[in-house]
Every structure is written in C-alpha cells, then in structure tokens.
Amino acid sequence: MAIWNIRFYIDPEAGLPHIYKHNVTEDEVEEVLARPGEDRQGYGGARVAIGQTEAGRYLRVVYVPDSEPGSVFVITAY
Numbered sequence: 695m696a697i698w699n700i701r702f703y704i705d706p707e708a709g710l711p712h713i714y715k716h717n718v719t720e721d722e723v724e725e726v727l728a729r730p731g732e733d734r735q736g737y738g739g740a741r742v743a744i745g746q747t748e749a750g751r752y753l754r755v756v757y758v759p760d761s762e763p764g765s766v767f768v769i770t771a772y
C-alpha cells in the first residue's frame, strides 16, 4: 500500500496523537502501513493493518482510508 499522507487522531485531553498512549511512534505506524503482513476489515469502515516494525515490534494499526488516494487517518495503534 503506497501511503503518502498519514493523519493521526489527536487525544483531546493530551493534545497529542492517541498512539502515544500505547508507546507507539509515528515512524512505527508508517513502517507497518508501508508493509503490513495483513490488512483486514475492522468495524465501522475502519481497517486494521498488522505488521512488524523494522526493529521487530509487532503492531496493529487501526485506520480509516481518506477520500484522497494514498491518504489515511490513523485512529490508534498498539
């Protein structure tokens, strides 16, 4: 999947990307989205990419494809 633009859900309490609550970085999300081992349908139109980072960490990235090709909105990752 060619991803050119990744937006992240911002936690309203912290003012930071929600992925930080799970000790996940933006780079790790990009690595998994660039080469997921699996990419399956989630709930409510969301998708779940499951893969391994370059450092070997396994993650699930929950995202929604944006209307613009190559653009996604990441809800969370863990």
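Heads up: take any position in the sequence shown, counting from 1, add 694, and you land on this note's numbering.
Backbone N, C-alpha and C fix where the C-beta goes; we use that ideal spot for every residue, glycine too.
Residue 714 sits in a helix when the DSSP states are folded into three classes.
For residue 732, the uninterrupted beta strand (DSSP E) segment begins and ends at 732 to 735.
Distance from residue 759 to residue 768 at the Cβ level is roughly 11 Å; contact not present, criterion being Cβ atoms closer than 8 Å. Here the alpha carbons of residue 712 and residue 753 stand approximately 14 Å from one another. Residue state for residue 760 is assigned as coil, using DSSP reduced to three classes.
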